[in-house]
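To convert, note that position 180 of the sequence shown is 180 in full-length UniProt numbering; the numbers rise steadily by one, no gaps. Here a beta-carbon is modelled for each residue, glycine too, at the ideal position from N, C-alpha and C.
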Amino acid sequence: MGDCSFALQHRPRPNGGRPAFRHILATFGHIRCCTAPIASNCDCPANPTKRSSTRRRRSRRVHGAACSSRKRERRTGFRMIQRFGTRDMKIKNFLLGTAAALVSSSAYAADAIVIAEPEPVEYVRVCDMYGAGFFYIPGTETCLKFSGEIFFQVGTEGYRNEGDSPDYLTYASNPGSGGWLPTTRARLQVDARSSTEWGTLRAMMRVQADGGDNTDAGYVMDNAIVQLGGLRVGYTETVFNDSIGAGVASYGSHSWGSMSYGYRKVQGISYSYGSDQAFAATIALENDDLEGDGYMPDVVLAASYNQSWGAVWGKVGYDESMDGFGATLGLHYNIPGFEGSSFRLIGYYADSDNVFGVGSPSGNSEYSVLASYYHQFTEKFGASVGFQYFNDFYLTGTDISTGIDGYSAELNLVYTPVENLEIRSEIYYDKVDDLDGTPSGFLRLTRFF
1 MGDCSFALQH
11 RPRPNGGRPA
21 FRHILATFGH
31 IRCCTAPIAS
41 NCDCPANPTK
51 RSSTRRRRSR
61 RVHGAACSSR
71 KRERRTGFRM
81 IQRFGTRDMK
91 IKNFLLGTAA
101 ALVSSSAYAA
111 DAIVIAEPEP
121 VEYVRVCDMY
131 GAGFFYIPGT
141 ETCLKFSGEI
151 FFQVGTEGYR
161 NEGDSPDYLT
171 YASNPGSGGW
181 LPTTRARLQV
191 DARSSTEWGT
201 LRAMMRVQAD
211 GGDNTDAGYV
221 MDNAIVQLGG
231 LRVGYTETVF
241 NDSIGAGVAS
251 YGSHSWGSMS
261 YGYRKVQGIS
271 YSYGSDQAFA
281 ATIALENDDL
291 EGDGYMPDVV
301 LAASYNQSWG
311 AVWGKVGYDE
321 SMDGFGATLG
331 LHYNIPGFEG
341 SSFRLIGYYA
351 DSDNVFGVGS
361 PSGNSEYSVL
371 ASYYHQFTEK
381 FGASVGFQYF
391 NDFYLTGTDI
401 STGIDGYSAE
411 LNLVYTPVEN
421 LEIRSEIYYD
431 KVDDLDGTPS
441 GFLRLTRFF
C-alpha cells in the first residue's frame with residue numbers, strides 16, 4: 001500500500017461531548033478510506049482516479065495536516081501514557097510502602113522487648129513501737145535499730161606497791177605502774193524486734209573493741225541474746241545485775257562504774273514475768289564457769305517493783321561450785337521537785353567468796369552497803385557522790401573471814417554540751433584496813449549514736 005500518514009481531524013459530536021476523530025490515509029496522490037473500524041466514518045469516493053493538480057494540492061494539504069495531526073497525536077498519547085504511568089507508579093509505590101510498613105510492624109511486634117512495670121518503691125518507715133531509733137526493715141514487720149558509742153578516756157591511778165589499797169580503776173592489775181592510762185572504745189549494737197502472738201521477738205548483739213596502747217584492737221562479742229516474750233537466752237549480764245522488766249532495779253551506784261555490785265556476764269536462760277512499770281519476777285539458769293558438777297547450773301531469782309516514785313527489789317543467787325549464795329536488797333527513790341535527781345541504797349550479803357558477792361577490788365566481803373545520790377543541776381550538767389562499806393573480807397575462794405574491812409568513795413561529774421556528746425569524769429578512793437588509800441579516776445569524751 002505504501003507509506004501511510006494518520007491525521008486527526010476534529011469533528012464535534014452533536015451531544016457536545018468529547019471531540020471525534022477520523023483517520024485519513026494518504027498515499028501518492030490517491031486517497032483511500034481506511035478499512036479499519038476507526039476509519040469507518042471516512043467520506044471516500046468509491047473509485048479513486050488520478051489526481052489533478054487541484055487534487056494534488058489538496059492531497060498535499062491533507063498530507064501535511066495528517067503529518068501535523070500525527071505529531072500531535074504522538075505527543076498527546078505520550079503525555080497521556082506518562083500521566084497514567086506516573087499515576088500507576090504512585091499507586092504502586094503507595095501499595096508497596098503500606099505492605100512493607102505492615103510487615104515491618106508485625107516483625108517489630110513479634111520481637112519487641114516487654115519492659116515490666118517498676119515495682120512501687122517502699123520507703124523506710126519509722127517504728128515507734130519500741131522507742132526512738134527503730135525503723136521497719138523494708139518488706140517486713142521487723143523493727144531494727146543501730147546504736148553504739150565511741151569514747152576516748154585518759155585515766156590515772158596511784159597503785160604503786162603492795163602497801164597500797166587496790167584501786168577501782170584497774171583493780172590493781174598493774175601494781176607499781178602508775179602514770180597515765182589512755183583507752184579508746186568502739187561499740188556497736190544491733191537490735192531487731194517484731195510483735196508476735198507470744199510477745200516481742202527480739203535479737204540483740206553488741207560488739208566492741210578496747211584499745212589501751214598503740215596497737216590495733218580486736219573486736220569481741222560483748223552481748224548476744226534471743227528473746228521471745230519473757231524468755232531470754234544467750235550471753236549477757238547475769239540476772240543478779242539486770243533482767244527483763246527490772247527497770248531501775250539493777251546495777252549499783254549512779255556512776256558509770258557503779259562501784260562494786262558483782263558485775264558479770266554469763267551464758268544463760270531466763271524467764272521473766274511482769275513489766276518495768278509494776279511488779280516483775282525472773283528465774284534464771286546460768287552457766288557455772290568454775291569447778292563443780294558440770295551438769296548443774298547456777299540459779300538466780302529476782303523480783304522488783306517499779307513505780308513513778310522509784311523502785312524496790314530483791315535478788316538471790318546460788319553458786320553451785322562454791323555451794324554458796326549471795327543476796328541483795330535495793331531501793332531507788334526519785335527526789336520530788338528535782339527532776340532527774342535520785343537516791344539509791346543497796347545492801348549485799350554473801351556466805352562465801354562466791355560469784356554473787358560484791359566483787360570489790362579487794363575481794364568479796366560478807367556484808368556491804370552502798371549509798372549513792374545523783375543531782376541534776378541543769379539540763380546539761382549533773383553530779384553524783386557514792387560511798388560503799390565492806391565488812392569482813394573473805395580469803396580468796398573460801399568461806400573464811402579475815403576480819404578486814406574497807407570502804408570506797410567516788411565523785412562523778414557529767415556534762416552534756418550537745419545532744420549525744422558526753423564529757424564525764426569519775427574519781428575514786430579505795431581504802432582497806434592496814435593499807436594506804438589509793439586514788440584513781442579518768443576523764444572521758446563519749447559520742448553516742
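Buried or exposed for P138, going by 16 or more other Cβ atoms inside 10 Å? exposed
Whose C-beta lies closer than 8 Å to the C-beta of G310 among residues of the same chain, with five residues either side of it excluded? Excluding residues within five positions, the ones whose Cβ falls inside 8 Å are V248, L331, H332, Y333, N334, S342.
How do the stretch 269 to 287 and the stretch 303 to 319 stand: do at least 3 beta-carbon pairs fall below 8 Å, yes or no? At 8 Å Cβ cutoff, the stretches touch.
Looking at C-alpha atoms only, which residue of T396, R187, Y219 is the closest neighbour of F448? Considering only alpha carbons, the answer is R187.
Around the Cβ of T184, are there at least 16 other Cβ atoms within 10 angstroms (buried) or fewer (exposed)? exposed
Measuring only the C-alpha atoms, how far is T282 from G230? 9 Å
By the 10 Å Cβ neighbour count, where 16 or more other Cβ atoms means buried, how is L421 classified, buried or exposed? exposed
Ignore the nearest five residues each way along the sequence and tell me which others in T416's own chain have a CB closer than 6 Å to its CB. Hits under 6 Å: K380, E422.
Tell me whether D164 is buried or exposed, calling it buried when 16 or more other Cβ atoms sit within 10 Å of its Cβ. buried
Would you decide whether W198 is buried or exposed? Buried here means 16 or more other CB atoms lie within 10 Å of its CB. The C-beta of W198 has fewer than 16 other C-beta atoms within 10 Å across all chains shown, which makes the residue exposed.
Return the bridge partner residues of residue 480 from the DSSP annotation. The structure shown has nothing for residue 480, since the chain only spans 1 to 449.
Name the residue from S321, T396, G234, G262 whose alpha carbon lies nearest to the alpha carbon of D288. S321
Please classify Y123 as buried or exposed, where buried requires at least 16 other C-beta atoms within 10 Å of its C-beta. exposed
Using only CA atoms, which one of F356, R232, S408, S425 lies nearest to D298? F356
If you drop the 5 nearest sequence neighbours on each side, which residues of the same chain put their C-beta closer than 8 Å to that of M221? M205, R206, V207, Y235
When DSSP builds the beta bridges, which residues end up paired with M221? V207
Could you check what DSSP says for S260 in three-state terms: helix, strand or coil? coil
First and last residue of the uninterrupted beta strand (DSSP E) at C143: Unbroken beta strand (DSSP E) run through C143: 143 to 157.
Note down, one range per segment and in chain order, each alpha helix (DSSP H) of at least 4 residues found wholly within the stretch 299 to 345. none
Check this for me: beta carbons of S362 and P182, under 8 Å apart or not? no
Mind checking who K265 pairs with in its DSSP beta bridge? E237
Beta-carbon within less than 6 Å of F387's beta-carbon, same chain only, minus the 5 sequence neighbours each way: which residues are those? A371, A409
Count the other CB atoms within 10 Å of the CB of R160; is the residue buried (16 or more) or exposed (fewer)? exposed
Check for me: the beta strand (DSSP E) holding S440 runs from which residue to which? It spans 438 to 448 - the beta strand (DSSP E) in which S440 sits, taken as one unbroken run.
Residues near G359 by beta carbon distance below 7 Å, same chain, minus five either side: S260, G262, Y263
Do you know offhand how far A327's Cα is from G406's? 20 Å
In the structure shown, what three-state DSSP assignment does S368 receive? strand
Nearest neighbour of G397, chosen from V432, G382, K431, D353 [CA to CA]: D353
Which residue comes first and which comes last in the beta strand (DSSP E) that contains K380? Neither: K380 is in no beta strand (DSSP E) and is coded neither H nor E.
With distances taken Cα to Cα, identify the nearest neighbour of G317 among D392, G252, G245, Y348. Y348
Inter-residue spacing [alpha-carbon to alpha-carbon] between K265 and F442: 24 Å
Nearest candidate by alpha-carbon position, reference Y367, set P439, N391, S258: Of the candidates P439, N391, S258, the one whose C-alpha sits nearest the C-alpha of Y367 is N391.
Check this for me: beta carbons of Y389 and N364, under 8 Å apart or not? No, the pair does not count as a contact, with Cβ atoms beyond the cut-off.
Going by DSSP, name the residue or residues bridged to P417. None, per the DSSP bridge assignment.
F387 - DSSP class collapsed to helix/strand/coil: strand
Quick check on the burial criterion: 16 or more other C-beta atoms within 10 angstroms. Buried or exposed for D430? buried
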